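Report on the following structure.
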Amino acid sequence: MGGLRKFMPVTFATYAIGMMALAGVPLFSGFWSKDEILHAAYGWEISKVPFLLGLFGALLTAFYMTRQVCYGFFCSYRGDRDRVPDLTDAAAFTANPPPTHVSRSNRIPHESPRVMTVPLVILAVFAVLLGFVGTPARPWFQTYLTGHHENVAWWGALLLMLVSTAVVFVGMGLAGLLYGLFPPDSPEERDLLERWQPSAFAVLRDRFYVDEWYEATVVRFYAGFSRFTHWLDAMVLDTLVAAVAYLVIGLSWVNRVFDEYVINLGFDQGCERLRRGGRTLSKLQNGQVQDYLRVIALALTVFLLLLTWGCST
Amino acid sequence: MADFPLLNILTLTPLIGGLLVLGLEVHQRRLARSLAALISLVSLAVAVAVGLSFDTRDTELQFVRRYNWIPTLNIQYFVGIDGLGLLMVMLSALVVPMAIFASWKVEDKVPLYFALVLWLQSGLFGTFTALNFFHWFIFWELSLIPAFFLIKLWGGPQRSAAAVQFFVYTLVGSIGLLLAFLAIYQATGTFDFIRLSELARTGELTSALSVKLGWYDLTTKQLGLVIFVLAFLGFAVKVPLIPFHTWLPLAYAEAPTPVTMLLTGLMSKMGVYGFLRILVPIVPAQIRAVLAPLLGLAVITVVFAAAAAFVQRDLKRVLAYSSINHLGYCLLGALAVAKFTGNDTGLAAEKAAALNGVLLQMFNHGLTAATLFCFVGFIEQRTNGLRHVEAFGGLRNIAPVFCGLMGIALFSSLGLPGLNGFVGEFLIFKGVFPLAGWAAAVSVLGLLLTAVFILTVMQHVFHGPLNEKWASFGDVTLCERFIVAPAIALMFLLGIYPQLAIGVFNTTVVQMVDGLKW
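Chains A and B supply the protein sequences, listed in that same order.
Residues 1 to 313 in the numbering used here are what the first sequence spells out, letter by letter.
Residues 1 to 518 in the numbering used here are what the second sequence spells out, letter by letter.
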């Protein structure tokens, strides 16, 4: 980039308008809204700190926007200078820019086609005019918002407008001076302020390390919490369920042991005794006639003895 | 039209259809698929017919049929439909055809597969229309059996363990439910939900329990709590509520993806339906007695599930934990609504909002989760079963339409305003905040955590550098677009105009809130 205002004048013009509106240059749209806010901050009874911070913010905005415009549109082109045509006659270049396909293939900076520039122009018009919706002279928007007619104190407002304008011009002037007098020559060259105060610049570049702080605290906590819930699921609850399953399997085993070795065994022993008893009894009927005669003889003797002794008493 | 036994036809169509499909030969795959698809579309038509003839302003049950089944035991076949039932019937009728079309590539034992899916649908229809515990429980268990076989026969590498754990865990819960209802039957002599909720409203139920069941000299309150815990167990396992959820990630991961669509879209809703139809009307006093711990469990379900989803590496497990998280919101709303607020009309309006949110969230989540699993199924088909979150990358470059459509479903799951997921969650929080502020406040964390893990999944799978291994990942085909198009359209429609759904059940919701006044 650099020196682009010669290559793309319309983009430069609209960008400059947008930049001035953002910085709060008087009569652009950003000026009115910024001023309203500063006016309200100034009127806060509790402290003037927000107001001062707002002013400081306005100064910084003007500074960095001007720095950017200098970097991008002024100074000299820092890209590949061999490809870029000589711009001693800037007017001729603007009048007769090389055709788009040539610019694109050679990577020469060129103006955007009308599909981009027309919207840019429309937006730039708004950037200038939209602010007039709510100025102190005719607070139409404020009246619409609050519902009753707003009265703006003219003198206080005017003083504040002058102060903020001064701040904006100081910021723009400072940046214009610094980067106008010491323009960067190549893209690799470090910023002027970085060379002056590298450590402070580093803090700013790393956005006050907020992202790293967030990563180290909130994100790590959340990752740890997720792992904890997963551990809870896998180790604790699944173990409980598995424990119940093993309990049931254990109970089944106990049941089976009881069946096999207590009930079956007891039953088997009872049957065994029955069989032995039966075997003994079966000896009475062994088919030997001599044994039967012996038993009959024994029984007869006992019977006779019982009869004789029984009758005598 | 109201005299026509539409609800019986609704339940019987998939049942008989399943029998027809089962009778086909194993090699008649195309016929089996087409017949099953046709039957599911016929069920959809019947459900739509029911929906069209449904009067949304009527406070009475509609399409009621009562048949004396076992007069000596006072058991009737009692079906009827109100807004809640209709919503669930419509959801079932919508998700099952999606699952059937997503199962088109199944090659193994095709007639049995589709017969089981159809019987699952029949079980669902039966559960959502039954109003007598006897046949409600039969259908409740009936839907478990096809799911068991579907997981066990066509699932992933750990399917046996997953199927057995799913079946036994849910069955244990159901046994608690059965015991509780047997006790209630002993006390009151009826299985009828409507009659039981009337008895509960007047307080007769608890007193009848202590009069007829003299268990170990428990006080009335303790007895009521015991019955409540038993019944609660049945539904807590089904929803699921942490810590009764451990069966879910394994079952969802190992089931074939179309079956997971059914599990997450429909069967988890059965649990919430049970809360709303049975627990909250019949044992509200006991819920109120232990409301704080129950709300705590719901909050834990919301937050822990969302956190656990962040560390999962399998896409299906991420979505499984996401399901638990979304159902946690439903339970949060359902439990907060049970809180006693007397005649306060302001709080009654908040309760109605919360309950509307719960019902809407049930429908929306069923739709969204089914669509998401459908997309995961498409991924699996292209990568031969690989679903590891970090195995992909940069798919947006080669399959932009696929990533766009799946992105819509993911954002709906996240709760992006403009899509359907937002409205249900918003209504739940709106209603729960005045009723149980702390619970709502902590659960809002769940919204943040959901966003974190869903965006992480999108970042890993869609964005980033293209993983060269999947350079041949095809974009979504025309058939696949047809499968998900109705769901995606509904996501936008219900996100912008949720009144379409709320208008169906608002009357029922107001009536339910009214019934909780005592």
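Backbone N, C-alpha and C define an ideal beta-carbon position, used for all residues, glycine too.
Quantities reported herein were computed from a predicted structural model and do not represent experimental measurements.
By how many angstroms is the C-alpha of residue j removed from the C-alpha of residue i?
i	j	result
Ala336 (chain B)	Phe433 (chain B)	9 Å
Met1 (chain B)	Leu15 (chain B)	Low confidence applies here, because Met1 (chain B) scores a pLDDT of 49, under 50, leaving its location unreliable; read the following figure in that light. The straight-line gap from Cα to Cα measures roughly 22 Å.
Leu294 (chain B)	Ser207 (chain B)	24 Å
His315 (chain A)	Ala157 (chain A)	The question about residue 315 (chain A) has no answer here: the residues shown for chain A are numbered 1 through 313.
Leu284 (chain A)	Cys271 (chain A)	21 Å
Leu445 (chain B)	Ala305 (chain B)	11 Å
Thr194 (chain B)	Glu60 (chain B)	At residue 194 (chain B) the sequence reads Ile, which differs from the Thr that was named. Whole-angstrom Cα-Cα distance: 11 Å.
Gln222 (chain B)	Gly214 (chain B)	12 Å
Ala307 (chain B)	Asp192 (chain B)	41 Å
Leu276 (chain B)	Ala334 (chain B)	7 Å
Pro486 (chain B)	Leu494 (chain B)	12 Å
Ser323 (chain B)	Leu145 (chain A)	45 Å
Gly131 (chain A)	Trp32 (chain A)	6 Å
Leu367 (chain B)	Asp211 (chain A)	37 Å
Leu120 (chain B)	Ala147 (chain B)	7 Å
Glu111 (chain A)	Tyr209 (chain A)	38 Å
Gly24 (chain A)	Gly43 (chain A)	20 Å
Leu435 (chain B)	Pro50 (chain A)	40 Å
Gly18 (chain A)	Phe63 (chain A)	15 Å
Leu225 (chain B)	Leu218 (chain B)	10 Å
Leu123 (chain A)	Phe201 (chain A)	34 Å
Trp154 (chain B)	Arg382 (chain B)	18 Å
Gln28 (chain B)	Asp233 (chain A)	43 Å
Gly51 (chain B)	Gly203 (chain B)	35 Å
Arg273 (chain A)	Leu293 (chain A)	29 Å
Ala441 (chain B)	Phe78 (chain B)	41 Å
For the ligand NAD, is there any heavy atom lying closer than 6 Å to the beta carbon of residue i?
i	result
Ala47 (chain B)	Although the ligand NAD was asked about, the structure shown includes no ligands whatsoever.
Which chain A residues are close to residue i, counting only those with a beta carbon under 7 Å from its beta carbon?
i	result
Ala307 (chain B)	Phe225, Ser226, Thr229
Pro243 (chain B)	Leu237
Val311 (chain B)	Ser226, Arg227, His230
Return the chain-ordered list of same chain residues with a C-beta closer than 7 Å to the C-beta of residue i, the five sequence neighbours on each side being excluded.
i	result
Phe232 (chain B)	Leu279
Val295 (chain A)	none
Ile151 (chain B)	Arg159, Ala162, Ala163, Phe166, Ala251, Glu254, Ala255, Val259
Ile428 (chain B)	Tyr329, Leu332, Gly333, Ala354, Gly357, Val358, Gln361
Excluding five sequence neighbours on each side, which residues of the same chain lie with their C-beta closer than 6 Å to the C-beta of residue i?
i	result
Thr508 (chain B)	Asp82, Gly83, Leu84
Leu27 (chain A)	none
Gly521 (chain B)	Residue 521 (chain B) falls outside the range modelled here, since chain B spans only 1 to 518, and no answer is possible.
Val303 (chain B)	Leu445, Gly446
Val96 (chain B)	Ser40, Gln121
Gly123 (chain B)	Phe139, Leu142, Ser143
Whose Cβ in chain A lies nearer than 8 Å to the Cβ of residue i?
i	result
Val509 (chain B)	What Val509 (chain B) touches in chain A: nothing, since even the nearest Cβ is about 33 Å away.
Val444 (chain B)	Here the premise fails: no neighbours, minimum Cβ distance about 15 Å.
Val452 (chain B)	Tyr222
Phe228 (chain B)	The contacting residues do not exist; Phe228 (chain B) stays about 22 Å from chain A at best.
Cβ closer than 8 Å: which chain B residues qualify as neighbours of residue i?
i	result
Asp238 (chain A)	Thr246
Within a Cβ cutoff of 8 Å, which residues of the same chain sit near residue i, ignoring the five residues on either side of it in sequence?
i	result
Glu390 (chain B)	Arg313, His460
Thr439 (chain B)	The sequence shown places Ala at residue 439 (chain B), not Thr. For Ala439 (chain B), where only same-chain residues beyond five positions count, the Cβ hits under 8 Å are Leu295, Gly296, Ala298, Val299, Leu332, Ala336, Val432.
Val22 (chain B)	Note on residue identity: the sequence assigns Leu, not Val, to residue 22 (chain B). Cβ neighbours of Leu22 (chain B) beyond the five flanking positions: Pro111, Leu112, Ala115.
Could you name the residues of chain B that residue i contacts, counting a contact when the two beta carbons are closer than 7 Å?
i	result
Asp233 (chain A)	Thr246, Ala308
Against residue i, what residues of chain B qualify as contacts under a CB-to-CB distance less than 9 Å, listed in chain order?
i	result
Val241 (chain A)	Gln165, Tyr169, Thr246, Trp247
Does any CB atom of chain E fall closer than 7 Å to the CB of residue i?
i	result
Phe139 (chain B)	Checking the listed chains, one finds no chain E in this structure; the protein chains it contains are A and B.
task = Assess, as a yes-or-no matter, whether the segment 295-315 of chain B is touched by the segment 410-420 of chain B under the definition of 3 or more beta carbon pairs within less than 8 Å.
result = no
message = Could you tell me which whole beta strand (DSSP E) segments of length 3 or greater appear in the segment 422-487 of chain B?
response = none
request  = Only counting runs of 4 or more residues, tell me where the alpha helix (DSSP H) segments fall wholly within the segment 285-310 of chain B, in order along the chain.
outcome  = 291-310
task = Only counting runs of 4 or more residues, tell me where the alpha helix (DSSP H) segments fall wholly within the segment 141-224 of chain A, in order along the chain.
result = 154-181, 192-196, 198-205, 210-214
ask   = Looking at C-beta atoms only, is the number of pairs between the segment 299-313 of chain A and the segment 3-13 of chain B that lie closer than 8 Å three or more?
value = Taking a cut-off of 8 Å for Cβ pairs, the segment 299-313 of chain A and the segment 3-13 of chain B do not touch, as fewer than three such pairs fall below it.
task = For the segment 2-49 of chain B, list the alpha helix (DSSP H) runs that are entirely contained and at least 4 residues long, ordered along the chain.
result = 6-22
ask   = Below 8 Å, can you find three or more Cβ-Cβ pairs linking the segment 65-80 of chain A to the segment 167-179 of chain A?
value = yes
ask   = With a cut-off of 8 Å, do at least 3 Cβ pairs link the segment 227-241 of chain B to the segment 169-185 of chain B?
value = Taking 8 Å as the limit for Cβ pairs, the verdict is that the segment 169-185 of chain B does touch the segment 227-241 of chain B.
key: Completely contained alpha helix (DSSP H) runs for the segment 305-377 of chain B, where each covers 4 or more residues   = 315-337
task = Please determine if the segment 392-406 of chain B and the segment 371-378 of chain B are in contact, where contact requires at least 3 C-beta pairs separated by less than 8 Å.
result = yes
ask   = Does the segment 260-276 of chain B touch the segment 91-108 of chain B, meaning 3 or more C-beta pairs lie closer than 8 Å?
value = yes
key: Residue ranges of each alpha helix (DSSP H) within the segment 221-285 of chain A, 4 or longer   = 238-257, 265-282
ask   = Counting only runs that start and end within the segment 158-203 of chain B, where is the alpha helix (DSSP H) found for 4 or more residues in a row?
value = 159-188, 193-202
query = Enumerated in chain order, which unbroken segments of the alpha helix (DSSP H) with a length of 4 residues or greater are wholly contained in the segment 10-42 of chain A?
reply = Listed in chain order, they are 29-42.
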